[in-house]
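A quick write-up on the structure given underneath.
Numbering (full-length UniProt numbering), first residue to last: 1 to 76.
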């Protein structure tokens, strides 16, 4: 999820997803962000995001995060 979206940023969106009562609140959320400062990373985790990948996005790094969070096998 892009951390800097218009209307609702990634932190707000993650909090809204985590508050859902439809069985989807636990879906993994990965922040895609240019904000790589430690306080930003902590903010994403506090909002319920499970990981983060810095922009520009390296597909190999993103794939590693997806595998880590889901146990899936990906070929990139």
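Positions of the beta carbon are idealized from the N, C-alpha and C atoms, including for glycine.
- [ ] Kindly identify the DSSP beta-bridge partner or partners of residue 32.
- [x] One-based indexing of the chain shown puts residue 32 at position 32. BP columns for residue 32 point to 2, 53.
- [ ] Inspect the beta-carbon positions of residue 53 and residue 32 and report whether they are closer than 7 Å.
- [x] On the chain shown, position 53 is the one that residue 53 refers to. On the chain shown, position 32 is the one that residue 32 refers to. Cβ atoms of residue 53 and residue 32: closer than 7 Å.
Task: Alpha-carbon spacing of residue 13 relative to residue 19, whole angstroms - done: To locate residue 13, count along the chain shown from 1; it is residue 13. To locate residue 19, count along the chain shown from 1; it is residue 19. Answer to the nearest angstrom: the Cα atoms are 10 Å apart.
Open item on the list: Since residue 70 and residue 28 should fall inside the 8 Å C-beta cutoff, what is the C-beta to C-beta distance between them, to a whole number of angstroms?
Closed with: In the chain shown, the residue the question calls residue 70 occupies position 70. In the chain shown, the residue the question calls residue 28 occupies position 28. That belief holds up - the Cβ atoms of residue 70 and residue 28 are roughly 6 Å apart, short of 8 Å.
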